[in-house]
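In our numbering, the protein residues as written are 6 to 384.
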């Protein structure tokens, strides 16, 4: 778009999947811990705190891009005109920052995510100033979220978290992964179950919405049951607003991959992870919203509100486990090929034919390895 002359600003490499249409502003660079064995991001990058002035300049640049898109939409733009202008910019954007603002505006310009991996580590007064300036610059924003480590949230004073909420911070995304100290140590997570509980309670007490990420499969074949039971125990004490399932997926860029090659870590299969999730759900006693919003998860239908939907979740698992082995294999492969979105897709003749054609070329004893390789695409 040759007539779209605006600046750019810095973006980080990741954001939560549910923040796909959020405005992104990089507040910190990389990860201060950077040792988790299951994470391939930031491993060669040093953690850095950005200055408040630098962040404010990026926010102002994002506002300039926003205003330019509004200008392109016409003197009295309605929603359709804004979406059309945003779509034009998105498809011919001069840089990634313009593309992000355009996508955000196309989606309704409602939410924002302040990057990177542990924005909460920033000194509270500075982060409060950033959030306030951001809210003042973009009054249309409804939700502002960040990533945080439990280690950091556990050490923030309650009044600090309250001040962040009052400044306009809506939600913390925390990668809990497991409530088992053995699994956390295995993954070099740098926190304990006690840290998770303290952090979670602090956030809840502050009034900030809490989204905890749980990693089915993180215990491998050795610690799967402890992983399921202890994770449920910790979450029961926290009672987070949201629990998000993110099935462990391993690929060569991860430190954990070396443990797989050496045999120190033996991956659980899809069916073993389904059993693990069943034990986990059976032992959950909280009021959280459950999301299974990632392609790494085999059964995305496990979404809803506890405790009301708990029995429905377990029934989905029972239906899968009661299928004949061949049907389970078809579904697993179809899901990992991104052909199936839910169990009922097994009844779709066209999709089934496509999956069966691929399955016929795979030896039964090689299927699990094929599924592992297919999952690598989603990391």
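The beta-carbon is built from N, C-alpha and C at its ideal position, and this holds for glycine as well.
So, under 8 Å CB-CB, residue i and residue j are touching, yes? Tell me the CB distance rounded to an integer number of Å.
| i | j | result |
| --- | --- | --- |
| residue 211 | residue 167 | 5 Å |
| residue 129 | residue 171 | No, residue 129 and residue 171 are not in contact; Cβ-Cβ is about 11 Å, not under 8 Å. |
| residue 225 | residue 185 | Actually they do not touch by this definition, with Cβ atoms about 11 Å apart. |
| residue 102 | residue 27 | With a Cβ gap of about 14 Å, residue 102 and residue 27 do not count as contacting. |
| residue 33 | residue 121 | 5 Å |
| residue 220 | residue 258 | Not a contact, Cβ separation roughly 17 Å. |
| residue 328 | residue 364 | So it is not a contact: roughly 14 Å between Cβ atoms. |
| residue 306 | residue 321 | 5 Å |
| residue 336 | residue 351 | 6 Å |
| residue 149 | residue 175 | 5 Å |
What is the DSSP secondary structure of residue i, reduced to helix, strand or coil?
| i | result |
| --- | --- |
| residue 178 | strand |
| residue 256 | coil |
| residue 361 | helix |
| residue 65 | helix |
| residue 142 | helix |
| residue 388 | This structure gives no information on residue 388, because the portion of the chain shown stretches from 6 to 384. |
| residue 250 | strand |
| residue 367 | coil |
| residue 264 | helix |
| residue 7 | Bear in mind that the predicted position of residue 7 carries a pLDDT of just 47, short of 50, making it too unreliable to give a figure here. |
If you follow the beta strand (DSSP E) that residue i is in, where does it begin and where does it stop?
| i | result |
| --- | --- |
| residue 150 | 148 to 153 |
| residue 348 | Careful: residue 348 lies outside any beta strand (DSSP E) and carries neither H nor E. |
From the DSSP output, read off the bridge partner residues of residue i.
| i | result |
| --- | --- |
| residue 4 | With the chain covering only 6 through 384, there is no way to say anything about residue 4. |
| residue 309 | 295 |
| residue 330 | Answer by DSSP bridge pairing: none, since residue 330 is not bridged. |
| residue 74 | None; residue 74 has no bridge partner. |
| residue 117 | 28, 149 |
| residue 54 | 33 |
At which residues does the alpha helix (DSSP H) containing residue i begin and terminate?
| i | result |
| --- | --- |
| residue 29 | That residue, residue 29, is in no alpha helix (DSSP H); its beta strand (DSSP E) goes 28 to 31. |
| residue 285 | 275 to 287 |
| residue 39 | No alpha helix (DSSP H) holds residue 39; DSSP gives it neither H nor E. |
| residue 378 | 372 to 380 |
| residue 15 | Looking at the DSSP string, residue 15 is not in any alpha helix (DSSP H), and its letter there is neither H nor E. |
| residue 211 | 198 to 211 |
| residue 187 | 186 to 191 |
| residue 271 | That residue, residue 271, is in no alpha helix (DSSP H); it is neither H nor E in DSSP. |
| residue 85 | 84 to 96 |
Does the beta carbon of residue i sit closer than 7 Å to a beta carbon anywhere in chain C?
| i | result |
| --- | --- |
| residue 357 | Of the protein chains in the structure, only one exists, and it is not chain C. |
Query raised in the report: Between the region 234 to 247 and the region 193 to 213, do at least 3 Cβ pairs fall closer than 8 Å?
Result: yes
Query raised in the report: Do the region 39 to 46 and the region 186 to 202 make contact, defined as three or more Cβ pairs closer than 8 Å?
Result: yes
Query raised in the report: Between the region 64 to 77 and the region 151 to 163, do at least 3 Cβ pairs fall closer than 8 Å?
Result: no
**Report entry** the region 306 to 313 in contact with the region 257 to 273 per 3-pair CB rule at 8 Å
**Finding:** no
Query raised in the report: Are the region 136 to 152 and the region 55 to 65 touching, with three or more C-beta to C-beta distances below 8 Å?
Result: These segments touch.
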